[in-house]
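Protein chains in written order, with my numbering: chain W, 1 to 434; chain R, 1 to 434.
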């Protein structure tokens with residue numbers, strides 16, 4: 001560092017020094033970004049110069065100044081004098097090509113595209129560096145909650161080894177509705193779709209890929225780990241039923257879709273799945289479409305970030321915050337929000353954890369004994385057995401909780417249990433977080 | 001901005017580029033900072049060169065390398081080649097002189113000194129700018145919780161208008177003990193002192209000045225407001241008794257020391273005082289010595305930050321995060337974490353809010369009527385009256401809740417109530433947060 005800390009006087013960017021911004025993608029988030037930039041125009045030096053979208057004619061909005069150029073041609077953006085491209089089209093293609101080309105043509109990029117960063121983060125960050133540009137992606141995780149900058153800047157001094165979170169608002173909305181109303185998954189999903197919280201095809205949300213992409217980005221920024229989404233185990237919330245919440249409550253817990261990653265003894269563990277969380281945990285208090293991230297560091301312990309994880313305005317705040325940070329810290333000495341030494345890992349889903357096993361059986365004598373026999377064979381200790389009264393004997397749900405052991409051992413035991421004719425459904429396994 | 005976004009390739013600071021750090025103050029936080037810097041020495045370019053403390057001989061620790069120079073002479077630090085001074089002595093003097101002189105002698109400063117920044121923030125930031133140095137103070141508020149960087153960087157894109165928080169762990173510890181054990185304030189304070197959570201003289205914590213300094217720093221960073229601590233109303237938690245928690249529970253609330261600041265119609269409101277918070281609010285879930293900050297923005301809504309607000313290690317994480325951020329973003333274009341346009345405000349404590357009034361009376365007929373008469377005179381609407389059974393008629397506690405109105409009106413009404421001979425104690429007023 002030497003004398004370079006004696007830097008020259010920081011310049012104060014003012015309206016005179018304008019920075020030209022092209023917006024690519026003018027959906028909910030894109031229009032919120034435009035509104036936010038325009039609403040605060042006197043407070044920052046950004047000038048919105050272009051809006052690019054398919055069939056752009058039908059998108060034109062009268063509140064956008066006439067000086068903004070509307071186009072459906074990405075080449076026009078790339079050939080323009082815009083300094084920064086804000087990519088909000090989502091998905092891998094054509095976003096990947098566009099972001100690459102923007103960086104190559106000497107533009108910095110701000111993106112809210114979690115899949116893009118989850119799949120191609122390292123490559124695009126390298127390209128940004130080689131192109132002497134910045135790539136900022138603070139809006140990828142938890143929308144308006146400033147968790148990526150919190151982990152990267154605010155907790156830089158710690159050595160983080162664990163991140164856990166509720167990263168998908170749709171799942172959280174559905175699960176809280178099942179819990180509150182005793183609704184079935186299908187009913188809660190339908191309600192979420194009607195309320196605009198879920199897509200017509202909810203796969204990406206309820207089966208985990210959306211949360212998984214966010215977890216991979218979190219792991220890059222918080223844990224310095226460069227892993228691919230397809231390495232991370234995802235399990236759906238589709239198999240949850242009301243009785244799981246009843247048993248969870250008996251255990252002092254609730255059920256949430258939890259995304260977690262952990263570094264332990266040089267190994268990297270990660271999974272996205274429904275899990276039991278204690279009622280006293282901050283994770284249990286997240287309701288509706290909110291998001292939460294808890295990080296754990298060797299020195300500072302647990303830190304919690306929560307707020308609005310989705311929606312046009314919160315996500316737009318994250319995008320504009322990235323723009324401002326890029327401007328504040330743009331300079332020869334500044335680095336983009338990527339730890340330079342993010343390193344690749346194998347990913348294991350084999351957490352050592354207590355488990356909840358829910359069975360639905362045709363009642364007959366000897367069931368517990370048969371199941372316990374298999375658990376014992378794999379040296380898995382039973383913690384407790386719960387059976388709520390009032391259920392149909394032909395489809396009787398009950399729960400066995402297990403002491404902490406490797407998930408793989410429980411999986412093997414469950415596979416062997418499938419032979420039993422008394423099972424009316426495949427057993428449901430969930431970790432119990434502590 | 002023009003072409004400057006096309007910056008040259010960011011340099012990667014490595015061990016070769018060392019940055020010399022002098023530690024001033026070697027108490028709990030100072031030694032934790034030294035340990036953290038030494039534990040992660042291979043991961044960052046900081047070299048601990050000096051440790052300065054009074055009676056330094058008795059402070060010397062064998063785990064500190066022999067290359068570190070121990071001194072009790074600040075002039076030696078100021079004359080040294082250290083690039084950054086980390087000020088951890090606390091209090092206004094001599095810290096103020098030392099920080100001034102460090103900046104003037106061409107050193108950047110990282111400090112955890114909330115009183116210093118609360119009282120002299122603008123002046124010292126101006127001096128840092130004029131000296132072409134940085135002044136970082138992320139550890140001043142909520143210790144290890146990265147709330148200042150979260151507000152300044154992560155939520156820069158929003159227009160924040162409200163911050164509320166639990167900023168003093170000692171008060172929170174005492175209040176949760178009164179709540180859990182039915183202890184008196186004095187008993188809970190004694191227990192907190194024995195557990196190391198409270199000082200022998202607890203004034204700074206329980207009467208509000210500690211939280212007030214943090215609130216002033218939060219307001220600077222989050223709300224862009226330059227106000228002085230002495231402008232902000234502080235009310236003690238000393239007058240709270242167990243029955244206040246019982247009534248609070250009846251109202252679906254609990255009691256916490258809340259620090260809050262709000263910009264509304266160009267006016268700035270702030271106070272530090274005990275308040276009722278709904279059980280469903282994140283603020284109610286903060287237990288023991290934890291800290292929490294909730295910010296509210298025009299665009300992104302509510303964001304919550306929480307974690308360990310004090311203690312050596314969490315505070316050291318914040319200090320080292322500041323060091324790293326200073327290094328990452330040190331450069332001609334980078335600014336210290338201060339919004340350049342923080343502006344001065346008059347401060348009003350006259351929030352418009354619902355109220356909780358707790359009376360202790362010698363029971364006699366006509367009490368409610370007398371009190372209601374005064375409230376009515378000042379056009380204050382009663383929401384409800386609560387009286388729990390089983391109390392002594394000579395010192396009967398009961399509660400009147402009021403609909404939202406200006407605090408000043410309630411104060412005036414209370415002043416007038418003091419005439420009543422049936423009052424066994426002065427009435428206790430608390431706002432009810434929503």
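Note that beta-carbon positions come from the ideal geometry of N, C-alpha and C, so glycine has one too.
Same chain, Cβ closer than 8 Å to residue i, neighbours up to 5 away in sequence not counted
| i | result |
| --- | --- |
| residue 264 (chain R) | 161 |
Spatial distance of residue i from residue j (CA atoms)
| i | j | result |
| --- | --- | --- |
| residue 35 (chain W) | residue 299 (chain R) | 10 Å |
| residue 339 (chain W) | residue 148 (chain W) | At residue 339 (chain W), the pLDDT of 45 sits below 50, so the modelled position is not reliable and the matter cannot be decided from this model. |
| residue 430 (chain W) | residue 257 (chain W) | 10 Å |
| residue 350 (chain R) | residue 207 (chain W) | 50 Å |
| residue 425 (chain R) | residue 307 (chain R) | 37 Å |
| residue 133 (chain W) | residue 108 (chain W) | 5 Å |
| residue 204 (chain W) | residue 239 (chain W) | 16 Å |
| residue 262 (chain W) | residue 304 (chain R) | 23 Å |
| residue 456 (chain W) | residue 375 (chain R) | Absent from the structure is residue 456 (chain W), since the part of chain W shown begins at 1 and ends at 434. |
| residue 237 (chain R) | residue 223 (chain R) | 26 Å |
| residue 272 (chain R) | residue 126 (chain R) | 28 Å |
| residue 347 (chain W) | residue 231 (chain W) | 6 Å |
| residue 421 (chain W) | residue 288 (chain W) | 39 Å |
| residue 418 (chain W) | residue 361 (chain W) | 12 Å |
| residue 358 (chain R) | residue 388 (chain R) | 12 Å |
| residue 284 (chain W) | residue 152 (chain R) | 28 Å |
| residue 318 (chain W) | residue 157 (chain R) | 7 Å |
| residue 393 (chain W) | residue 252 (chain R) | 41 Å |
| residue 29 (chain R) | residue 57 (chain R) | 18 Å |
| residue 53 (chain W) | residue 95 (chain W) | 12 Å |
| residue 297 (chain W) | residue 403 (chain R) | 44 Å |
| residue 137 (chain R) | residue 114 (chain R) | 8 Å |
| residue 169 (chain R) | residue 67 (chain R) | 37 Å |
| residue 373 (chain W) | residue 412 (chain W) | 13 Å |
| residue 212 (chain R) | residue 270 (chain R) | 9 Å |
| residue 400 (chain R) | residue 391 (chain R) | 17 Å |
| residue 343 (chain W) | residue 18 (chain R) | 24 Å |
Cut-off 6 Å between Cβ atoms - residues of its own chain near residue i, not counting five sequence neighbours on either side
| i | result |
| --- | --- |
| residue 345 (chain R) | 225, 227 and 268 |
Residue i - containing alpha helix (DSSP H), residue span
| i | result |
| --- | --- |
| residue 190 (chain R) | 185 to 194 |
| residue 104 (chain W) | 95 to 104 |
| residue 245 (chain W) | 242 to 250 |
| residue 18 (chain R) | No alpha helix (DSSP H) holds residue 18 (chain R); DSSP gives it neither H nor E. |
| residue 328 (chain W) | 312 to 329 |
| residue 31 (chain W) | 28 to 39 |
| residue 369 (chain R) | 367 to 377 |
| residue 134 (chain R) | Taken as a continuous stretch (DSSP letters only), residue 134 (chain R) belongs to no alpha helix (DSSP H), as it is neither H nor E. |
| residue 410 (chain R) | 407 to 417 |
| residue 142 (chain R) | Premise fails: residue 142 (chain R) is in no alpha helix (DSSP H) and is neither H nor E. |
| residue 79 (chain R) | 74 to 79 |
| residue 204 (chain W) | 203 to 206 |
Same chain, Cβ closer than 7 Å to residue i, neighbours up to 5 away in sequence not counted
| i | result |
| --- | --- |
| residue 188 (chain W) | 174, 177 and 178 |
| residue 131 (chain W) | 103, 104 and 106 |
| residue 334 (chain W) | Annotation note: pLDDT 45 at residue 334 (chain W) (below 50); position unreliable, coordinate value reported separately. Taken in chain order, the list of residues that qualify is empty. |
| residue 427 (chain R) | 357, 358, 359, 414 and 417 |
Continuous beta strand (DSSP E) stretch holding residue i: start and end
| i | result |
| --- | --- |
| residue 354 (chain R) | 352 to 361 |
| residue 382 (chain R) | 382 to 386 |
| residue 69 (chain R) | 69 to 71 |
| residue 48 (chain W) | 46 to 52 |
Beta-ladder partner(s) of residue i, from DSSP
| i | result |
| --- | --- |
| residue 292 (chain W) | W:166 and W:306 |
| residue 225 (chain R) | R:343 |
| residue 171 (chain W) | DSSP output for residue 171 (chain W) lists no bridge partner at all. |
| residue 400 (chain R) | R:357 and R:385 |
| residue 268 (chain R) | R:263 and R:347 |
| residue 430 (chain R) | R:356 |
| residue 85 (chain R) | R:22 and R:109 |
| residue 233 (chain W) | W:271 |
| residue 423 (chain W) | W:361 |
| residue 254 (chain R) | R:277 |
Along the region 283 to 314 of chain W, where does the CB come closer than 7 Å to a CB of chain A? Name the residues.
Here the protein chains are W and R, and chain A is not one of them.
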